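Residue numbers (the working numbering): 154 to 333.
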């Protein structure tokens, strides 16, 4: 019995090490989180405008009425990775032929307005989700997150994390697949 108790920490360490090796091994995209919304229409959204930003707000009908592929980006002024991805979002909106719409998540209106004035506003429409309800309805795990929505208003991909570096490369590969 003493030998079994002596070996128990070693067995636990081997099990934990096995899970760590499996988790770090290649072949998985940590930003590609499963979502019940993939291949489903955009959930019902009815978000008011951000006070101080020239945008009427955002609804599901607005998204469906927009032509082509849409990117729905969840962001906040208090989010460091959102700031890092912002220049890439501007480039996507300008150069890639997609419409970018935004949901400002749990952010004070004055902070969001200042942030957009400072960094630029690449969004065709922005809704304020101060309460976090739309984030729950979309099933987000944090900010930033970006959804690829096809021309018919169907969610084709959910990307968790900032669109920078390797994450941007993987996102662009997925976007190009959706375009086909």
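Glycine is no exception: its CB is placed at the ideal position from the N, C-alpha and C atoms.
In this text, all values refer to a predicted model and were calculated from it rather than measured experimentally.
Are residue i and residue j touching if we call contact CB-CB under 8 Å?
i: residue 168; j: residue 225; result: no
i: residue 203; j: residue 265; result: yes
i: residue 201; j: residue 280; result: yes
i: residue 190; j: residue 297; result: no
i: residue 276; j: residue 253; result: yes
i: residue 163; j: residue 238; result: no
i: residue 300; j: residue 311; result: yes
i: residue 321; j: residue 241; result: yes
i: residue 196; j: residue 306; result: no
i: residue 161; j: residue 287; result: no
i: residue 230; j: residue 268; result: yes
i: residue 243; j: residue 273; result: yes
Assign residue i to buried or exposed, taking buried as 16 or more other Cβ atoms, counted over all protein chains shown, within 10 Å of its Cβ.
i: residue 257; result: buried
i: residue 173; result: exposed
i: residue 278; result: buried
i: residue 284; result: exposed
i: residue 233; result: exposed
i: residue 223; result: buried
i: residue 326; result: exposed
i: residue 308; result: buried
i: residue 159; result: exposed
i: residue 251; result: buried
i: residue 289; result: exposed
i: residue 260; result: buried
i: residue 208; result: buried
i: residue 214; result: exposed
i: residue 319; result: exposed
i: residue 171; result: exposed
i: residue 218; result: exposed
Would you list the one or two residues that DSSP bridges to residue i?
i: residue 311; result: 300
i: residue 256; result: 227 and 280
Taking the continuous beta strand (DSSP E) assigned at residue i, which residues delimit it?
i: residue 305; result: Taken as a continuous stretch (DSSP letters only), residue 305 belongs to no beta strand (DSSP E), as it is neither H nor E.
Going by DSSP, what residue range makes up the alpha helix (DSSP H) through residue i?
i: residue 279; result: Element bounds for residue 279: not the alpha helix (DSSP H) but the beta strand (DSSP E), 278 to 282.
i: residue 329; result: 318 to 332
i: residue 295; result: Here residue 295 belongs to no alpha helix (DSSP H), and DSSP marks it neither H nor E.
i: residue 288; result: 286 to 291
i: residue 261; result: Premise fails: residue 261 is in no alpha helix (DSSP H) and is neither H nor E.
Exercise for the section: Output the residue ranges of the beta strand (DSSP E) runs that lie fully inside the segment 174 to 254 and measure 3 residues or longer, sorted by chain position. Expected result: 223 to 228
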